[in-house]
Amino acid sequence: FIFEYYNGFESGGRDGVSQEDHLSALYYEYGMNCGNAFVASWFELNLNINNILTALTVRKYKWEIASLIVGNTDVCESLRTSGARDFGLLGDVGYFDRLLKISEIQELTDREKRIDAMRWDWIEEMSFFNYFTIERLYAFLLQMDMIERWISLDKEKGSRLFRNMIDSLKNEVQIPK
211 FIFEYYNGFE
221 SGGRDGVSQE
231 DHLSALYYEY
241 GMNCGNAFVA
251 SWFELNLNIN
261 NILTALTVRK
271 YKWEIASLIV
281 GNTDVCESLR
291 TSGARDFGLL
301 GDVGYFDRLL
311 KISEIQELTD
321 REKRIDAMRW
331 DWIEEMSFFN
341 YFTIERLYAF
351 LLQMDMIERW
361 ISLDKEKGSR
371 LFRNMIDSLK
381 NEVQIPK
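Residue 317 in the numbering used here sits at position 107 of the sequence shown, with consecutive numbering throughout.
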């Protein structure tokens, strides 16, 4: 996707889209077409979270939404074109209500924690039946990345979360006798 970005950058064919948004769109598209359903769903989840929160914020300040939405999925198109309160996504995006509540939180740290909690819940749900698979390993790495991020902000809670995660893994793995 980097090669495609630079080719587009040199030709100037981005239709008024910022360089950052163009690169982001290519990044998400690459991830959603990677060939692994779990990884592709992870990329789509993050694209949707970012776009929905952007659309809700932009609408709050009565700015133009369409030019700020990244990507070319059905959810992206609904965010660009729908005038409905829920952008027509309530039935299609199961976590829309949760994002709506998160978008109303003023404290940025609390908002980020709730977004990560939502991601964590998604990871747990999507990897629940994956035992000893690449998807489970990727889920573990994603969770470790979140823990590492929060440890740097709050060492005590991050360490506790890490210990709980290790204990949970010990309970999940049962070696046959």
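Quick reminder that beta carbons are idealized off the backbone N, C-alpha and C, glycines included.
One Cα belongs to I325, the other to L347, and the distance between them is close to 21 angstroms.
The C-alpha of Y305 is placed about 19 angstroms away from the C-alpha of Y238.
Excluding five sequence positions before and after G298, the CB atoms of its chain that fall closer than 8 angstroms to its own CB belong to S288 and S292, given in chain order. The criterion of a C-beta distance shorter than 7 angstroms is not satisfied by A327 and G281.
Classified as exposed, M354 has fewer than 16 neighbouring CB atoms from the shown chains inside 10 Å of its CB. N258 is the residue among E335, F338, N258 and K272 whose C-alpha sits nearest the C-alpha of L300. Within 10 angstroms of the beta-carbon of E317 lie fewer than 16 other beta-carbons, which makes it exposed.
The beta-carbon distance between N261 and V285, rounded to whole angstroms, is 7 angstroms. This is short enough to meet the 8 angstroms contact definition. With 16 or more other Cβ atoms from the protein chains shown falling within 10 Å of its own Cβ, I312 counts as buried. With a cut-off of 8 angstroms on Cβ pairs, the segment 332-350 is in contact with the segment 238-255, counting three or more such pairs. The C-beta distance from L266 to L310 rounds to 7 angstroms, short enough to meet the 8 angstroms contact threshold.
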